[in-house]
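Going down the list, the protein sequences come from chains A and B. Quick note: the first sequence uses the numbering used here, first residue 143, plus one each step. Quick note: the second sequence uses the numbering used here, first residue -6, plus one each step. Where a beta carbon is used, it is the ideal one built from N, C-alpha and C, also for glycine. Note that the structure is predicted; figures quoted are calculated from it, not measured.
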Amino acid sequence: MAVFEYIVDVRQVKKSFKDVKAVKGVDLMIKPGEFLALLGPNGAGKTTLVEMIEGIQHPDEGEIFIAGKQWKNHQHELHQMIGLSLQETRFMDKLTAYETMRLFASFYKLGTDRVDEVFKLIGLDEKKKAYVNNLSGGQRQRLALGVALLNKPKILLLDEPTTGLDPNARREIWNILMDLKKGQHTSLILTSHYMEEAEFLCDRIVIMDQGTILAEGTLQEILTLGGGHHSLDELFISLTGRHLYE
Amino acid sequence: MNKITNHQLYRLITAHFAEILREPAVIFWGVVFPILMAWGLGIAFTQKSEVNFKMAIVKAITEKDSIHETKLVGYLVANGFKKDSAYTIALKNEKLGNVSLTFFETSWPNAFTMLKKGEVVLIIEDKTSETKYHFDPANVEAKTAYQLVSALSEHGSSFYAANQANIEPLTMKGTRYVDFLIPGLIAMGIMMACSWGISYTIIDRRSKKLLRRMVATPMKKSNFLFALITARFTLNVAEALLLFLFALLYFGTKVQGSWPALIVIFLAGNIAFSGIAILLSSHTANPEVGNGLINALVTPMMVLSGVFFSYHNFPDWAIPFIKYLPLTMIADCFRSIFNEGAGLVDVWREALILTAVGTVSFIIGLKIFKWY
Chain A
143 MAVFEYIVDV
153 RQVKKSFKDV
163 KAVKGVDLMI
173 KPGEFLALLG
183 PNGAGKTTLV
193 EMIEGIQHPD
203 EGEIFIAGKQ
213 WKNHQHELHQ
223 MIGLSLQETR
233 FMDKLTAYET
243 MRLFASFYKL
253 GTDRVDEVFK
263 LIGLDEKKKA
273 YVNNLSGGQR
283 QRLALGVALL
293 NKPKILLLDE
303 PTTGLDPNAR
313 REIWNILMDL
323 KKGQHTSLIL
333 TSHYMEEAEF
343 LCDRIVIMDQ
353 GTILAEGTLQ
363 EILTLGGGHH
373 SLDELFISLT
383 GRHLYE
Chain B
-6 MNKITNHQLY
4 RLITAHFAEI
14 LREPAVIFWG
24 VVFPILMAWG
34 LGIAFTQKSE
44 VNFKMAIVKA
54 ITEKDSIHET
64 KLVGYLVANG
74 FKKDSAYTIA
84 LKNEKLGNVS
94 LTFFETSWPN
104 AFTMLKKGEV
114 VLIIEDKTSE
124 TKYHFDPANV
134 EAKTAYQLVS
144 ALSEHGSSFY
154 AANQANIEPL
164 TMKGTRYVDF
174 LIPGLIAMGI
184 MMACSWGISY
194 TIIDRRSKKL
204 LRRMVATPMK
214 KSNFLFALIT
224 ARFTLNVAEA
234 LLLFLFALLY
244 FGTKVQGSWP
254 ALIVIFLAGN
264 IAFSGIAILL
274 SSHTANPEVG
284 NGLINALVTP
294 MMVLSGVFFS
304 YHNFPDWAIP
314 FIKYLPLTMI
324 ADCFRSIFNE
334 GAGLVDVWRE
344 ALILTAVGTV
354 SFIIGLKIFK
364 WY
């Protein structure tokens, strides 16, 4: 595969739903191996932006390139290189964790070796035979993360992967993602309501509100540019007038 | 790597199977319940050795005399079996089957309450000069009760035992109620299994964002739908076979016509309802809306298509419409194959229509199908 400076290249993308302008001309470039946090309150446009990168929404204007390719003509190839975990996805209740993983592995023509590997990676080996509806919230999120990692994705899209989890379960997810970061093969786009998650995991932070990017850079950069705020929380309030979780 | 167990179609089919078979309620409603229904209704309408009609008898308020005064009451007192305030008269006829008539002596208000509750079908107002009968003429049971009681009052119980020589009871296979019922139940099973098993599953998975998650992979969308329909069809075959096996062993139900014709209609019925199920579930992600949509599809057909009782009781103008409902076509074809010895020649037209309905619905459904 060709080497690209940017694995994700979003150029002047706009998207409206009836009268609502969800994304108003956004540019976003992500380097291979880079971990990026997309922060913004509800209605900021981050989900629409991520869905356009995922290929399930099409921009009204602008272009999106994933590894130099566009969704229109390269669906199959792009599906092979993307992994995602949606916040509210519920797998089939009466399948075991192992059967769920094997089902998704079959979509990528992967066998049991990769499934076993992923179970070790997400630390869910002892729950392989448990039905999905018997897993705890944290275990389900780890399973969802495992499913997203099956195809060794070049780009991983995680939509609030730790929302509703207790601190221990959250830390477990973070550790899996930090291990992934060390491998430097995967770029991450993470949407979150937790500042500390963005600080801990990501190289770059993008703050969105009302369909536009308000600030972008490393944590230090955006704190400095934002007028010397002490924390992301403070910066966020000064930029948007709201708390992140609103 | 190329093992069949790693193939997405294999894994999708086994996943759908596992979801169905690991849910005890699905097995109960899909397999056990139709058999219980066949057993209950088959028994209720086939093996009635003695029919009992219940009615209320009311003395007019102005009457001061006791219940002994009229011909009917006189007969009841003389010949009936009295328990509390009820008299029972037994009418015997070997060929017609025995009948018992129970008369509850009561007041007007209570008689009406009993009628409203369905505890009696007829109210007899017994006056010295005359006997009046109050009942709904549209109620066949009430009408029969009236005719029996009025004859009893005129001629005594002997009328019922007369003319036995003229009656030839039909007991051969294919003419009993249960022979009418079983093909209808198998047809209904196809409709219910496809509507709930395919439509509801799709809507439920869409609402849980599982469809969206799946199409974000290289999964072939057609494989998902094909697997769902295949799993459901296989279970429909098993459910129908179990119901038929029960009917064969318990009621001696036989297929008098052609098995290939039966298989063709079974296949065409599954195609029709699978296609309709895909169309029905193509858009909504709300299980409650899905519930309503499915009920809107199945309830009218359950009522109109003559699963339990002949649709020829509906007005004449409605019959041509009812006859072309998918469920009616399947049930009618099954009945003609089971009971009238029909073959492929007799059912090919319905098979074609059902297949066309399924195929067109499937194509339209796929065109407008929302995966997320």
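> Are any of the Cβ atoms in chain B nearer than 9 Å to that of Y240/A?
Replying inline: Reading the first sequence from its first residue, position 98 is the one you call residue 240/A. Cβ-Cβ to chain B under 9 Å: no for Y240/A.
> N215/A: buried (16+ other C-beta within 10 angstroms of its C-beta) or exposed?
Replying inline: As a position in the first sequence, residue 215/A is number 73, starting the count at 1. Flag for N215/A reads exposed.
>> Does any residue of chain A have a CB that is nearer than 9 Å to the CB of G358/B?
In response: Stepping through the second sequence from its first residue, residue 358/B is reached at position 365. No, G358/B does not count as interfacial toward chain A.
> For S298/B versus L273/B, is the C-beta spacing smaller than 9 Å?
Replying inline: If you number the second sequence from 1, residue 298/B lands on position 305. If you number the second sequence from 1, residue 273/B lands on position 280. Contact: no.
>> I need the straight-line Cα distance from S334/A to L181/A, nearest angstrom please.
In response: Here residue 334/A refers to the residue found at position 192 when the first sequence is read from its first residue. Here residue 181/A refers to the residue found at position 39 when the first sequence is read from its first residue. C-alpha separation (whole angstroms): 6 Å.
> So what does DSSP say about Q249/B, is it helix, strand or coil?
Replying inline: Counting from one through the second sequence, the residue named residue 249/B turns up at place 256. Coil, per DSSP.
> DSSP state of T7/B, grouped into three classes?
Replying inline: Residue mapping note: residue 7/B aligns to position 14 of the second sequence, counting from 1. Three-state result, T7/B: helix.
> Does F246/A have its Cβ less than 9 Å from a Cβ in chain B?
Replying inline: Residue 246/A sits at position 104 when you count from the first residue of the first sequence. Yes, its Cβ sits closer than 9 Å to a Cβ of chain B.
> Helix, strand or coil for G253/A per DSSP?
Replying inline: The sequence position of residue 253/A within the first sequence is 111, counting from 1. G253/A: coil per DSSP, three-state reduction.
> Based on Cα-Cα distance, which residue from T348/B, L65/B, T95/B and G67/B lies nearest to K76/B?
Replying inline: Taking the first residue of the second sequence as position 1, residue 76/B is located at position 83. The option with the nearest alpha carbon to K76/B is T95/B.
> Taking N91/B as the reference, which of V133/B, S150/B, T168/B and P17/B has the closest Cα?
Replying inline: Your numbering for residue 91/B matches position 98 in the second sequence. Considering only alpha carbons, the answer is S150/B.
> Residues of chain A with CB under 8 Å from K202/B, in chain order?
Replying inline: Working through the second sequence from its first residue, we reach residue 202/B at position 209. The contacting residues are L228, E230, T231 and R232.
> Can you pull the DSSP bridge partners for G225/A?
Replying inline: Against the first sequence, residue 225/A aligns to sequence position 83. BP columns for G225/A point to L298/A.
> Thinking just about the alpha-carbon of each residue, which of F46/B, I356/B, I323/B and P293/B is nearest to the one in T137/B?
Replying inline: Taking the second sequence and counting its residues from 1, one reaches residue 137/B at position 144. In terms of Cα proximity to T137/B, the closest of F46/B, I356/B, I323/B and P293/B is F46/B.
> At a CB-CB cut-off below 8 Å, which residues of chain B make contact with H200/A?
Replying inline: As a working note, residue 200/A is residue 58 in the first sequence. Listed along chain B, no residue sits closer than 8 Å to H200/A by beta-carbon distance, the nearest being about 13 Å off.
> Any beta-carbon of chain B closer than 9 Å to the one on L317/A?
Replying inline: To locate residue 317/A, count along the first sequence from 1; it is residue 175. Sequence check: residue 317/A is Asn here, not Leu. No - not a single Cβ of chain B is within 9 Å of the one on N317/A.
> Just curious, the beta strand (DSSP E) that A83/B is in, first and last residue?
Replying inline: In the second sequence, the residue the question calls residue 83/B occupies position 90. Segment A79 to L84, the beta strand (DSSP E) holding A83/B.
> Mind checking W213/A: buried by the 16 CB within 10 Å criterion, or exposed?
Replying inline: Within the first sequence, the letter at position 71 stands for residue 213/A. Residue environment: W213/A is assigned as buried (16 or more neighbouring CB atoms within 10 Å of its CB, all protein chains considered).
> Using DSSP with H/G/I as helix, E/B as strand and the rest coil, what is H127/B?
Replying inline: In the second sequence, counting from the first residue as 1, residue 127/B sits at position 134. In this structure, DSSP gives H127/B an extended state, which the three-state scheme calls strand.
> Under a three-way DSSP split, which group does G33/B fall into?
Replying inline: Here residue 33/B corresponds to residue number 40 of the second sequence, with the count starting at 1. In this structure, G33/B counts as helix in the three-state DSSP scheme.
>> Measuring CB atoms only, is the region 171 to 179 of chain A touching the region 230 to 239 of chain A, in the sense that at least three cross pairs come out at less than 8 Å?
In response: Per the Cβ contact rule, the region 171 to 179 of chain A is not in contact with the region 230 to 239 of chain A (fewer than 3 Cβ pairs under 8 Å).
> Hey, I116/B and V51/B: beta-carbon distance below 9 Å or not?
Replying inline: Taking the first residue of the second sequence as position 1, residue 116/B is located at position 123. Taking the first residue of the second sequence as position 1, residue 51/B is located at position 58. Taking 9 Å as the cut-off, the Cβ atoms of I116/B and V51/B count as close.
> For chain E, is any of its Cβ atoms less than 9 Å away from the one on L332/A?
Replying inline: Given the protein chain composition of this structure (A and B), no chain E is represented.
> Which residues mark the beginning and the end of the alpha helix (DSSP H) in which R199/B is found?
Replying inline: As a working note, residue 199/B is residue 206 in the second sequence. Per DSSP, the unbroken alpha helix (DSSP H) holding R199/B starts and ends at T194 to S200.
> Of the residues W189/B, T246/B, V257/B and D325/B, which one's Cα is nearest the Cα of I269/B?
Replying inline: On the second sequence, residue 269/B is found 276 positions in, with the first residue counted as 1. Measuring from the Cα of I269/B, the nearest candidate turns out to be W189/B.
> With a cut-off of 9 Å, does the C-beta of Q281/A fall near any C-beta of chain B?
Replying inline: As a first step, residue 281/A must be located in the first sequence, where it is residue number 139. No, Q281/A lies away from the interface with chain B (no Cβ there is under 9 Å from its Cβ).
>> Can you confirm whether the region 144 to 158 of chain A touches the region 198 to 212 of chain A when touching is taken to mean that 3 or more C-beta pairs between the two stretches lie within less than 8 Å?
In response: At 8 Å Cβ cutoff, the stretches touch.
>> Only counting the same chain, and skipping five residues up and downstream in sequence, which positions put a Cβ closer than 8 Å to that of Y193/B?
In response: Position 200 of the second sequence, counted from the start, is the residue given in the question as residue 193/B. So the list reads S274, P280, G283, N284 and I287, once near-sequence residues are dropped.
> Where does Y273/A sit, in a helix, a strand or coil, going by DSSP?
Replying inline: The residue given as residue 273/A occupies position 131 in the first sequence. In the structure shown, Y273/A sits in a strand (DSSP, three-state: E or B).
> In whole angstroms, what is the alpha-carbon distance linking K270/A and V296/B?
Replying inline: Locating residue 270/A in the first sequence gives position 128, where the first residue counts as 1. Locating residue 296/B in the second sequence gives position 303, where the first residue counts as 1. If you take the alpha carbons of K270/A and V296/B, they lie about 47 Å apart.
>> Our contact map puts K125/B next to E118/B with C-beta atoms below 8 Å; I'd like the distance itself, whole angstroms only.
In response: Translated into the one-based positions of the second sequence, residue 125/B becomes position 132. Translated into the one-based positions of the second sequence, residue 118/B becomes position 125. For a cut-off of 8 Å, the C-beta gap from K125/B to E118/B is around 4 Å, short enough to register as a contact.
>> Please tell me whether N(-1)/B has its Cβ less than 9 Å away from any Cβ of chain A.
In response: Taking the second sequence and counting its residues from 1, the one referred to as residue -1/B is at position 6. For N(-1)/B, the nearest beta carbon of chain A is closer than 9 Å to its own beta carbon.
> Along the region 194 to 219 of chain A, what residues have a CB closer than 7 Å to any CB found in chain B?
Replying inline: Across the region 194 to 219 of chain A, CB contacts with chain B closer than 7 Å involve E196, I198 and H218, in sequence order along the chain.
> Between L343/A and the rest of its own chain, which residues show a CB-CB distance below 8 Å, the 5 nearest in sequence each way excluded?
Replying inline: By 1-based counting over the first sequence, the position of residue 343/A is 201. F177, A179, W316, L319, M320, K323, L330 and L332, listed in sequence order.
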